[in-house]
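Asks: Quick one: structure below, then a few questions.
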Amino acid sequence: MRADRQEQELKFTRRALLLSGAGALGFTILGARLYALQVLDSERYRLLSEDNQFNFQLTPPSRGRILDRFGVPIADNRDSYRILLTPEGTSDIDTSLDLLGRHMTISQGRRDLIHRRARQNRSFQPITVANDLDWQTFSTVNLYAPDIPGITPDVEEVRNYPYGEAFAHVVGYVQTPNEDDIANDHPDAERLLRQPGFRVGKNGVEIAREHDLRGAAGALKTEVDAAGRIIREIPDQSVDPSQGMDVVLTLDADIQRFASERLGDESASAVVIDVNTGELIALVSNPSFDPNLFVRGISSADYARYRDNDHRPLYHKSIQGTYPPGSTFKAVVAAAALEAGIIEPSESVRCTGSTRLGNRDFHCWRREGHGRVDLHEALKTSCDIYFYEIAERLGIDRINEMAARFGIGEEFDIGIAGVARGLNPSPAWLMANRNQPWTTGRTYNTGIGQGFTLASPLQLAVMTARVASGRAVQPTLFRNAMTPPAQHMGLSDDTMARVREGLRAVVHEQGGTSFSLGGLGIEGVEMAGKTGTAQVYSITAEEREQGVREQEDLPWRLRDHGLFMCYAPADNPKYACVVVVEHGGGSSAATRPARDILRRTVARDPSSRPGVFASLAPSTTRGGI
Numbered sequence: 007m008r009a010d011r012q013e014q015e016l017k018f019t020r021r022a023l024l025l026s027g028a029g030a031l032g033f034t035i036l037g038a039r040l041y042a043l044q045v046l047d048s049e050r051y052r053l054l055s056e057d058n059q060f061n062f063q064l065t066p067p068s069r070g071r072i073l074d075r076f077g078v079p080i081a082d083n084r085d086s087y088r089i090l091l092t093p094e095g096t097s098d099i100d101t102s103l104d105l106l107g108r109h110m111t112i113s114q115g116r117r118d119l120i121h122r123r124a125r126q127n128r129s130f131q132p133i134t135v136a137n138d139l140d141w142q143t144f145s146t147v148n149l150y151a152p153d154i155p156g157i158t159p160d161v162e163e164v165r166n167y168p169y170g171e172a173f174a175h176v177v178g179y180v181q182t183p184n185e186d187d188i189a190n191d192h193p194d195a196e197r198l199l200r201q202p203g204f205r206v207g208k209n210g211v212e213i214a215r216e217h218d219l220r221g222a223a224g225a226l227k228t229e230v231d232a233a234g235r236i237i238r239e240i241p242d243q244s245v246d247p248s249q250g251m252d253v254v255l256t257l258d259a260d261i262q263r264f265a266s267e268r269l270g271d272e273s274a275s276a277v278v279i280d281v282n283t284g285e286l287i288a289l290v291s292n293p294s295f296d297p298n299l300f301v302r303g304i305s306s307a308d309y310a311r312y313r314d315n316d317h318r319p320l321y322h323k324s325i326q327g328t329y330p331p332g333s334t335f336k337a338v339v340a341a342a343a344l345e346a347g348i349i350e351p352s353e354s355v356r357c358t359g360s361t362r363l364g365n366r367d368f369h370c371w372r373r374e375g376h377g378r379v380d381l382h383e384a385l386k387t388s389c390d391i392y393f394y395e396i397a398e399r400l401g402i403d404r405i406n407e408m409a410a411r412f413g414i415g416e417e418f419d420i421g422i423a424g425v426a427r428g429l430n431p432s433p434a435w436l437m438a439n440r441n442q443p444w445t446t447g448r449t450y451n452t453g454i455g456q457g458f459t460l461a462s463p464l465q466l467a468v469m470t471a472r473v474a475s476g477r478a479v480q481p482t483l484f485r486n487a488m489t490p491p492a493q494h495m496g497l498s499d500d501t502m503a504r505v506r507e508g509l510r511a512v513v514h515e516q517g518g519t520s521f522s523l524g525g526l527g528i529e530g531v532e533m534a535g536k537t538g539t540a541q542v543y544s545i546t547a548e549e550r551e552q553g554v555r556e557q558e559d560l561p562w563r564l565r566d567h568g569l570f571m572c573y574a575p576a577d578n579p580k581y582a583c584v585v586v587v588e589h590g591g592g593s594s595a596a597t598r599p600a601r602d603i604l605r606r607t608v609a610r611d612p613s614s615r616p617g618v619f620a621s622l623a624p625s626t627t628r629g630g631i
């Protein structure tokens, strides 16, 4: 019995020791953990606690401006007055809107949208009631806002295009980013792109230089409660956003606006270029659209008005449109003939108004013909028969090679998307695309800028600049672009001099196709040019027998395109201008607008003609181009 009791006492003592040891170990571990949490890791958990208490909100940067060559803003930012409603700030949204409605108009559609967003968002997130308010309305609401629960007047920054339609196609516009924009951007940019009111470039320079213009977001440190409501801002621990870079274009806002106004309601385009540097001075497409309408989301009615217009205001004709160059192309064919030596400048060709090739007659634009003409007269009077003859002697391969040297068929990279390549046809191209052999008749058509040849107004401007300078200038739209000096085209000085003299005669000699212009209109400054008419449809033999209808009697879409290329001063070229008027009924639709645009361009350069600038240019001048 005693032995049993001793054994039980021994077991109890052993268990007590084990339990005591386990307890002591547990307390030791707990103590160590508490020591680690409270002493060793105290700083870490303090920071985590602060992170739960403080948030960093992205602060969107101001978008960089787009400036013309003189620093004049053509895209900038403006303040927009808006009214916000915070649902948790009012017991009844409708009551607040009723009170607000005493001072401004709130449509039922807008009320429904506000209620829908209030159900979707957290109650402390503000909802936009109205934006772009006029100052009178905004100031009135400011006055009564303290008496309207949940209402806060606010100012935001939005994109502004002060020149409106004049620069729309070049500059483009900004809009709220969609899911594709977010998916295609850098992953780190998603938070910024999802910020309310943030916008990205959608067209033109705005999208081409998006990441330069966008800038870098900042961060505003705020103290928040458990629900995420902002209690206070902590500016001294915040990071300021970095404004986007300014982008400077080669365009001149004055010339761009003047050219747009001068083209009026025509479906037309105009390009002005510095013949020595390739800098684009104007790049105009009419009719145009107001990019400011797109910033907040264009209405269906406004978009339909643009979309359904047969003059295509949403289409950038100066770089995307392609047209037969018509007789403007004769300058290229003349240069090719002189360089190849297939005709002497003094050799004449007899023009009777038509020439026979096989079983087909090829006609000159002048039915009675021009009589005997040499190269100079043929350029001056734009004789088709002369150029049929030298085109046949040259052959399509040499015409194609020379056209390429003048920029036809070349896709110029000016820094924005949409630049058309045009078409510089060849026998290989025709066989590959039409499975047809090349014929002499096709060479005839190519020799006068018809047939398959297509060029954009930009390409025609480059062609004109190369004729005027003799150098392979490359067009550029950005002022800070590092463009190397243009190389000599390798054509003889005599060739270029004879072509230029023929183009000068077009304007300044009796019988020239644009002699009626009377020149540039600046004393002591001559211009050179070349008219062009591009047929939209072929005139049949039956129509010729019955009498060709006048252009004004044709439906608008069947009228000929009118083209004019010109440059000045003729003896020391600096600027070239090309105007294309779609379905203008012939070259006369383009000659006077082109002359007026070129005159204003020359007048804005004091070195061209001292004293003229002051008399022709507006009083707010900014110096030479």
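Residue numbering for the sequence shown follows my numbering, beginning at 7 and increasing consecutively. Backbone N, C-alpha and C define an ideal beta-carbon position, used for all residues, glycine too.
1) Classify I642: buried if its beta carbon has 16 or more other beta carbons within 10 angstroms, exposed otherwise.
2) Pull up the distance between the alpha-carbon of N184 and that of Q557, whole angstroms please.
3) What residue from D246, R565, R356 has the CA that sits closest to G221's CA?
4) To the nearest angstrom, how far is it from the Cα of A259 to the Cα of E196?
5) So P79 is in the beta strand (DSSP E); what residue range does that whole segment cover?
6) Check each candidate in I325, S354, I405 and name the one with the smallest Cα separation from A341.
7) What does DSSP give as the partner residues of R165 in its beta bridges?
8) Tell me which same chain residues have a C-beta within less than 8 Å of the C-beta of M408, skipping the five on either side of it?
9) Name the DSSP beta bridge partners of I157, please?
10) Look up F76 in the DSSP assignment and say whether it is helix, strand or coil.
11) Whose C-alpha, out of P481, P351, I528, C357, is nearest the C-alpha of A503?
12) Taking contact to mean 3 or more Cβ pairs, one atom from each stretch, closer than 8 Å, check whether the stretch 360-375 and the stretch 417-426 are in contact.
13) In the DSSP assignment, what residue or residues form a beta bridge with Y329?
14) Quick check on the burial criterion: 16 or more other C-beta atoms within 10 angstroms. Buried or exposed for T482?
15) Locate the beta strand (DSSP E) running through Y394, then write down its first and last residues.
16) Between which two residues does the alpha helix (DSSP H) carrying V608 extend?
17) CA-CA distance, Q114 and L286?
18) So the candidates are H589, H192, I603, Y87; which of them puts its Cα closest to the Cα of D140?
19) Can you check whether the CB of Q465 is closer than 9 Å to the CB of E416?
20) Determine contact between the stretch 468-480 and the stretch 270-283, defined as no fewer than three beta-carbon pairs at a distance below 8 Å.
21) I'd like to know whether the C-beta atoms of T607 and V176 end up nearer to each other than 9 Å.
22) When DSSP builds the beta bridges, which residues end up paired with K536?
23) Could you tell me the boundaries of the alpha helix (DSSP H) in which A343 lies?
24) Residues in the same chain with beta-carbon distance under 8 Å from H382, minus the five sequence neighbours each way, listed in chain order, please.
25) Can you grab the Cα-Cα spacing for the pair F144 / D160, in whole Å?
26) Given this structure, state the Cα-to-Cα distance separating G447 from P561, to the nearest angstrom.
27) Does the separation of the CB atoms of T470 and M571 fall below 9 Å?
28) Where DSSP assigns a beta bridge to T361, which residues make up the other side?
29) Is it buried or exposed, H322, if we count other Cβ atoms within 10 angstroms and call 16 or more buried?
30) Taking just the CA atoms, how far does H514 sit from S522?
31) Strictly under 9 Å for the Cβ-Cβ distance: is G70 near chain B by that measure?
32) State the Cα-Cα distance for the pair D186 and V206, rounded to the nearest angstrom.
33) Look at F368 and Y312 and say whether their C-beta atoms are less than 9 Å apart.
34) Count the other CB atoms, across all protein chains shown, that sit within 10 Å of the CB of L385; report buried if there are 16 or more and exposed otherwise.
35) Note down the Cα distance separating F418 from R411, rounded to an integer number of angstroms.
36) Starting from the Cα of H589, find the closest Cα among L604, D566, A474, E395 and give me that residue.
Replies: Concretely, from the data shown:
1) In the structure as shown, the chain begins at 7 and stops at 631. Residue 642 is therefore absent and cannot be evaluated.
2) By one-based count along the sequence shown, residue 184 stands at place 178. By one-based count along the sequence shown, residue 557 stands at place 551. Each residue's Cα considered, the two are about 46 Å apart.
3) Along the sequence shown, one-based indexing puts residue 221 at 215. If we check each option's Cα against that of G221, D246 comes out closest.
4) Along the sequence shown, read from residue 1 onward, the residue named residue 259 stands at position 253. Along the sequence shown, read from residue 1 onward, the residue named residue 196 stands at position 190. Whole-angstrom Cα-Cα distance: 35 Å.
5) Taking the first residue of the sequence shown as 1, we reach residue 79 at position 73. Taken as a continuous stretch (DSSP letters only), the beta strand (DSSP E) holding P79 covers 79-91.
6) Indexing the sequence shown from 1 puts residue 341 at position 335. The shortest C-alpha separation from A341 is found at I405.
7) As a first step, residue 165 must be located in the sequence shown, where it is residue number 159. According to DSSP, which records beta bridges pairwise, R165 is partnered with N83.
8) Along the sequence shown, one-based indexing puts residue 408 at 402. V338, V339, A341, A342, E345, listed in sequence order.
9) Here residue 157 refers to the residue found at position 151 of the sequence shown. DSSP lists L91 as partners of I157.
10) Numbered from 1 along the sequence shown, position 70 holds the residue referred to as residue 76. Three-state DSSP puts F76 in coil, outside helix and strand.
11) What you label residue 503 is simply residue 497 of the sequence shown in a count that begins at 1. Nearest of P481, P351, I528, C357 to A503, Cα basis: P351.
12) no
13) Here residue 329 is taken as the residue at index 323 of the sequence shown, counted from 1. In DSSP, Y329 forms a bridge with A461.
14) The residue you call residue 482 lines up with position 476 of the sequence shown. Answer is buried; the Cβ neighbour count reaches 16.
15) As a working note, residue 394 is residue 388 in the sequence shown. Per DSSP, Y394 belongs to no beta strand (DSSP E); it is in the alpha helix (DSSP H), 390-400.
16) Translated into the one-based positions of the sequence shown, residue 608 becomes position 602. Segment 594-609, the alpha helix (DSSP H) holding V608.
17) Position 108 of the sequence shown, counted from the first residue, corresponds to residue 114. Position 280 of the sequence shown, counted from the first residue, corresponds to residue 286. Each residue's Cα considered, the two are about 49 Å apart.
18) Reading the sequence shown from its first residue, position 134 is the one you call residue 140. Ranking H589, H192, I603, Y87 by Cα distance to D140 puts Y87 first.
19) The residue you call residue 416 lines up with position 410 of the sequence shown. The residue you call residue 465 lines up with position 459 of the sequence shown. In this structure, Q465 lies closer than 9 Å to E416 by Cβ.
20) yes
21) One-based indexing of the sequence shown puts residue 607 at position 601. One-based indexing of the sequence shown puts residue 176 at position 170. Cβ distance not < 9 Å, so T607 and V176 don't count as in contact.
22) Stepping through the sequence shown from its first residue, residue 536 is reached at position 530. According to DSSP, K536 bridges with M571.
23) Taking the first residue of the sequence shown as 1, we reach residue 343 at position 337. That run of the alpha helix (DSSP H) goes 336-346.
24) Here residue 382 corresponds to residue number 376 of the sequence shown, with the count starting at 1. P351, R504, E507, G508, A511.
25) As a first step, residue 144 is located in the sequence shown; it is residue number 138 there, counting from the start. As a first step, residue 160 is located in the sequence shown; it is residue number 154 there, counting from the start. C-alpha separation (whole angstroms): 9 Å.
26) Counting from 1 along the sequence shown, the entry for residue 447 is found at position 441. Counting from 1 along the sequence shown, the entry for residue 561 is found at position 555. So the two alpha carbons sit approximately 28 Å from each other.
27) Residue mapping note: residue 470 aligns to position 464 of the sequence shown, counting from 1. Residue mapping note: residue 571 aligns to position 565 of the sequence shown, counting from 1. Result yes, Cβ atoms of T470 and M571 sit closer than 9 Å.
28) On the sequence shown, residue 361 is found 355 positions in, with the first residue counted as 1. Note: T361 sits in a beta bridge opposite F368.
29) In the sequence shown, the residue the question calls residue 322 occupies position 316. It counts as buried.
30) For the purposes of this step, residue 522 is taken as the residue at position 516 of the sequence shown. For the purposes of this step, residue 514 is taken as the residue at position 508 of the sequence shown. About 9 Å.
31) The chain inventory of the structure shown lacks chain B, comprising one protein chain alone.
32) On the sequence shown, residue 186 is found 180 positions in, with the first residue counted as 1. On the sequence shown, residue 206 is found 200 positions in, with the first residue counted as 1. Each residue's alpha carbon lies about 12 Å from the other.
33) For this step, residue 368 is matched to residue 362 along the sequence shown. For this step, residue 312 is matched to residue 306 along the sequence shown. Cβ atoms of F368 and Y312: not closer than 9 Å.
34) As a first step, residue 385 must be located in the sequence shown, where it is residue number 379. Its Cβ being crowded by 16 or more others within 10 Å, L385 is buried.
35) Stepping through the sequence shown from its first residue, residue 418 is reached at position 412. Stepping through the sequence shown from its first residue, residue 411 is reached at position 405. Straight-line Cα distance between these residues: approximately 13 Å.
36) In the sequence shown, residue 589 corresponds to position 583, counting from 1. Answer by Cα proximity: D566.
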